[in-house]
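K.L.:
Sequential numbering from 1 applies to the sequence shown in UniProt numbering.
Every residue gets a Cβ at the ideal spot worked out from N, C-alpha and C, and that includes glycine.
Below are the structure tokens for one structure; questions will follow.
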Amino acid sequence: MAGPEAMEEAGQPYCTLKGTLNDGLLAGIQSMGYGFMTPVQQKVLTELPDFSADCLVQAKTGTGKTLAFLLPAIHSLLTKASIATGQVAILVLSPTRELALQIAKECNAVTAKLPRRLECHTAYGGTSKERDLKAFLNGDPKIVVATPGRLNDYLNDDYVAEKFADLRTLVLDEADQMLEQGFLVALNDILRRLPQKSKANWQGMCFSATMPKKIEGVLPKVLNKGHIHLTTIDPDETPTIDKVTQHSIIVPSNQEVYPALWDLLQTEYSSCSGDFKAIVFGTTANGVALMYALFSALLEGSNTLQVFQLQSRLSQANRTRTTNEFKAAKAGIMFASDVIGRGMDFPNVSHVVQIGLPSSGDQYVHRVGRTARAGNEGRAIIILTQRESFFLKVNKRLPITPYPTALASATGETQNSDIEAAFTKVDETTKSKAYQAWLGFHKTFTKQLQLTNDTLVQEANDYAAAMGCPETPMIDKKIVGKMGLKGVKGLNRESARYAIPADASL
């Protein structure tokens, strides 16, 4: 859905499309409260030579892209030859289930005034596959919004794949983010299982804010050679990231990370002239769960700051509720993994804080893009250990400068004692899962971090000690083997009967 920044750039009124766009869709738009097109909507709806034409559209997140692809695709479906019951006409692929849920919600709203209901089905992880698949097979899913992983799983069933035999439109939304998150293999598998484009001639629509090289290998499989290229991005416009004040804080080791974060949040909160609304990104879901538990204890009794968490280990219902609550909140701190995705729009975020090593410079940029929206100012701070500080050297293009204020945690014991007391209120299972997740994440960066397996385990154990763990958390021997740490001293190996489950590794 279009964010506040899109609303500021109103284009032509939707009523000018009467006679061009289906009347039922226009009525749906009116019921949603949209009187004017956003720039990307106007670009697509007025410049496509045909609503069924292939197109590559470049537009920033939060500009109303969802309606820009739903309206032409649904209009084409309604005006062309009917499709058999049970067959999918429109497939939308999204990088995250939150964004998929958001797209489906908007789809249901814009089609609500049609004389005949169009079923919009979703397919994403975190829900009952059996229940969703049963609804899909027994229903008439004219529109499907899915994440690549779950849809790829569905298409392994030939009976399910047959439901896409008469596909009319394929949409890749947030294509750059989809590939950044590692869905290239799943996407190629999906394209192999869908009807061959050269024969079926379905419409391809690709929406992306940026054009990384990975996209170039996908576009020929989705778009015809003569596809239309539209953009609303001004090449001379200052990128959002350059409008955000960005700083780094380097701490000696993992023991100082949480005291520094606690100190930073207090410092930024006290100096914030408006509402303090922050997103704190962690490297893993279980690491985020730990920070949420820790800072809930630290802020217990606070009447001003509510604490939220959004990560993949939560149920879909929990994630949806948290998303809506944080969107509505004037102030608060949300601890999050990258599950929120770039397509999710949280209004009035004043601060973005990143804890630990981003997987890439692009990931860092995507996270920073959560603030300074709709003309607002924003601040971004990244906290790294000395080992992780290489990230700044290999990403010199990023406008990150050292944090200008000396934090009390660097010279005093107050912050450490606060953290130690709060950790006594965090259950040991949460700590153990965070420990295993920390170990698994950093194992993938041992070369860049200049860690041997022995020093990796030692630093993981130092991390456990900083959490106040009475002993080194246990890890299943099978997980130790999968991590390539068999025989490394310092690990508390245990049988699966007692160890933290394997799915706690992230």
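Of the residues F69, P39 and G62, which one's Cα is nearest the Cα of A53?
P.N.:
Stepping through the sequence shown from its first residue, residue 53 is reached at position 53. When only C-alpha atoms are compared, the closest one is F69.
K.L.:
Shortest alpha-carbon distance to R321 belongs to which of H121, K330 and L310?
P.N.:
Locating residue 321 in the sequence shown gives position 321, where the first residue counts as 1. Nearest of H121, K330 and L310 to R321, Cα basis: L310.
K.L.:
Report the rounded CA-to-CA distance for R379 versus T38, giving the unit in angstroms.
P.N.:
Counted from its first residue, the sequence shown places residue 379 at position 379. Counted from its first residue, the sequence shown places residue 38 at position 38. About 27 Å.
K.L.:
Could you check what DSSP says for K330 in three-state terms: helix, strand or coil?
P.N.:
One-based indexing of the sequence shown puts residue 330 at position 330. Coil at K330, not helix or strand.
K.L.:
Quick one: is G11 buried, meaning 16 or more other Cβ sit within 10 Å of its Cβ, or exposed?
P.N.:
The residue labelled residue 11 in the question sits at position 11 within the sequence shown. Classification of G11: buried, given that the 10 Å Cβ count is 16 or more.
K.L.:
Take the Cβ of P95 as the centre, count every other Cβ of all protein chains shown within 10 Å, and call the residue buried at 16 or more, exposed below.
P.N.:
Within the sequence shown, residue 95 is the residue found at index 95, counting from 1. The residue is buried, with at least 16 neighbouring Cβ atoms inside 10 Å.
K.L.:
What are the complete beta strand (DSSP E) segments, minimum 3 residues, inside the stretch 459-483?
P.N.:
Correct list: 474-476.
K.L.:
Can you tell me the Cα-Cα spacing of residue 508 and N201, whole angstroms?
P.N.:
Residue 508 lies beyond the residue range present for the chain, which begins at 1 and ends at 506; the question has no answer from this structure.
K.L.:
Quick check on the DSSP output: what are the complete beta strand (DSSP E) runs of length 3 or more inside the stretch 182-264, in order along the chain?
P.N.:
If we require 3 residues or more, the beta strand (DSSP E) runs fully inside the stretch 182-264 come out as 203-208, 228-231 and 245-251.
K.L.:
Leaving out five residues on either side along the sequence, give the residues of the same chain with a beta carbon under 6 Å from the beta carbon of L191.
P.N.:
Within the sequence shown, numbered from 1, the residue matching residue 191 stands at position 191. Result list for L191: K221, in chain order.
K.L.:
Is G282 closer than 8 Å to I228 when the C-beta atoms are compared?
P.N.:
Within the sequence shown, residue 228 is the residue found at index 228, counting from 1. Within the sequence shown, residue 282 is the residue found at index 282, counting from 1. Cβ distance not < 8 Å, so I228 and G282 don't count as in contact.
K.L.:
Can you name the residues that DSSP bridges to L167?
P.N.:
Taking the first residue of the sequence shown as 1, we reach residue 167 at position 167. In DSSP, L167 forms no bridge with anything.
K.L.:
L67 and Q41 - do their beta-carbons sit closer together than 8 Å?
P.N.:
In the sequence shown, residue 41 corresponds to position 41, counting from 1. In the sequence shown, residue 67 corresponds to position 67, counting from 1. Closer than 8 Å, so yes.
K.L.:
So P148 is in the beta strand (DSSP E); what residue range does that whole segment cover?
P.N.:
By one-based count along the sequence shown, residue 148 stands at place 148. Not the beta strand (DSSP E): P148 falls in the alpha helix (DSSP H), residues P148 to Y154.
K.L.:
With 16 as the cutoff for other CB atoms within 10 Å, does T411 come out buried or exposed?
P.N.:
Numbered from 1 along the sequence shown, position 411 holds the residue referred to as residue 411. Because the pLDDT of T411 is 47, which lies under 50, any placement of that residue in the model is unreliable, and the question is left without a value.
K.L.:
With 16 other CB atoms within 10 Å as the buried threshold, where does G24 fall?
P.N.:
For the purposes of this step, residue 24 is taken as the residue at position 24 of the sequence shown. Buried, since its Cβ has 16 or more Cβ neighbours within 10 Å.
K.L.:
Could you check what DSSP says for I279 in three-state terms: helix, strand or coil?
P.N.:
What you label residue 279 is simply residue 279 of the sequence shown in a count that begins at 1. Strand at I279.
K.L.:
To the nearest angstrom, report how far apart K134 and C107 are at their CA atoms.
P.N.:
By 1-based counting over the sequence shown, the position of residue 134 is 134. By 1-based counting over the sequence shown, the position of residue 107 is 107. The alpha-carbon atoms of K134 and C107 are separated by roughly 21 Å.
K.L.:
Between the alpha carbons of T385 and V251, how many angstroms are there, rounded?
P.N.:
Working through the sequence shown from its first residue, we reach residue 385 at position 385. Working through the sequence shown from its first residue, we reach residue 251 at position 251. One C-alpha to the other measures close to 5 Å.
K.L.:
In angstroms, rounded to a whole number, what distance separates the CA positions of C120 and L101?
P.N.:
In the sequence shown, counting from the first residue as 1, residue 120 sits at position 120. In the sequence shown, counting from the first residue as 1, residue 101 sits at position 101. Each residue's alpha carbon lies about 11 Å from the other.
K.L.:
Going along the chain, which residues of its own chain have a beta-carbon closer than 7 Å to the beta-carbon of F390, five neighbours each way excluded?
P.N.:
For the purposes of this step, residue 390 is taken as the residue at position 390 of the sequence shown. Excluding positions up to five away in sequence, the list reads Q448.
K.L.:
Excluding five sequence neighbours on each side, which residues of the same chain lie with their C-beta closer than 7 Å to the C-beta of A460?
P.N.:
Against the sequence shown, residue 460 aligns to sequence position 460. So the list reads Y435, W438 and L439, once near-sequence residues are dropped.
K.L.:
Determine the contact status of G125 and R168, defining contact as a CB-CB distance below 8 Å.
P.N.:
If you number the sequence shown from 1, residue 125 lands on position 125. If you number the sequence shown from 1, residue 168 lands on position 168. Not closer than 8 Å, so no.
K.L.:
For the stretch 262-271 against the stretch 465-476, do three or more pairs of beta-carbon atoms, one drawn from each stretch, fall closer than 8 Å, so that the two count as touching?
P.N.:
Output reads no: the stretch 465-476 does not touch the stretch 262-271.
K.L.:
For C272, name the three-state secondary structure that DSSP assigns.
P.N.:
What you label residue 272 is simply residue 272 of the sequence shown in a count that begins at 1. Correct three-state label for C272: coil.
K.L.:
Would you kindly work out how many angstroms separate the C-alpha atoms of L290 and M483, rounded to a whole number?
P.N.:
For the purposes of this step, residue 290 is taken as residue 290 along the sequence shown, with counting starting at 1. For the purposes of this step, residue 483 is taken as residue 483 along the sequence shown, with counting starting at 1. Rounded to the nearest angstrom, the two C-alpha atoms are 22 Å apart.
K.L.:
Return helix, strand or coil for S359, following the three-state DSSP convention.
P.N.:
Here the question's residue 359 lines up with position 359 in the sequence shown. Residue state, collapsed to three classes: coil.
K.L.:
Given K489, which residues of its chain have a CB within under 8 Å of its CB, disregarding the five upstream and five downstream residues?
P.N.:
Counted from its first residue, the sequence shown places residue 489 at position 489. The residues are D454 and V457.
K.L.:
Use the C-beta contact count for S253: other C-beta atoms within 10 angstroms, 16 or more gives buried, fewer gives exposed.
P.N.:
By one-based count along the sequence shown, residue 253 stands at place 253. Looking at its Cβ environment, which holds fewer than 16 other Cβ atoms inside 10 Å, S253 is exposed.
K.L.:
Buried or exposed: residue 520, going by 16 or more other Cβ atoms within 10 Å of its Cβ?
P.N.:
With the chain represented from 1 up to 506, any question about residue 520 goes unanswered, as that position is not in the structure.
K.L.:
Between the stretch 267-285 and the stretch 416-432, do at least 3 Cβ pairs fall closer than 8 Å?
P.N.:
No contact exists between the stretch 267-285 and the stretch 416-432.
K.L.:
Residues in its own chain within less than 7 Å of F445 by CB, not counting five upstream and five downstream?
P.N.:
On the sequence shown, position 445 is the one that residue 445 refers to. Cβ neighbours of F445 beyond the five flanking positions: L357.
K.L.:
For the alpha helix (DSSP H) that contains C15, what are its first and last residues?
P.N.:
Looking up residue 15 in the sequence shown gives position 15. C15 -> no alpha helix (DSSP H), and no H or E assigned at all.
K.L.:
Please tell me whether I333 and V368 are closer than 8 Å, where the distance is taken between their beta carbons.
P.N.:
Stepping through the sequence shown from its first residue, residue 333 is reached at position 333. Stepping through the sequence shown from its first residue, residue 368 is reached at position 368. No, Cβ-Cβ distance for I333 and V368 is not below 8 Å.
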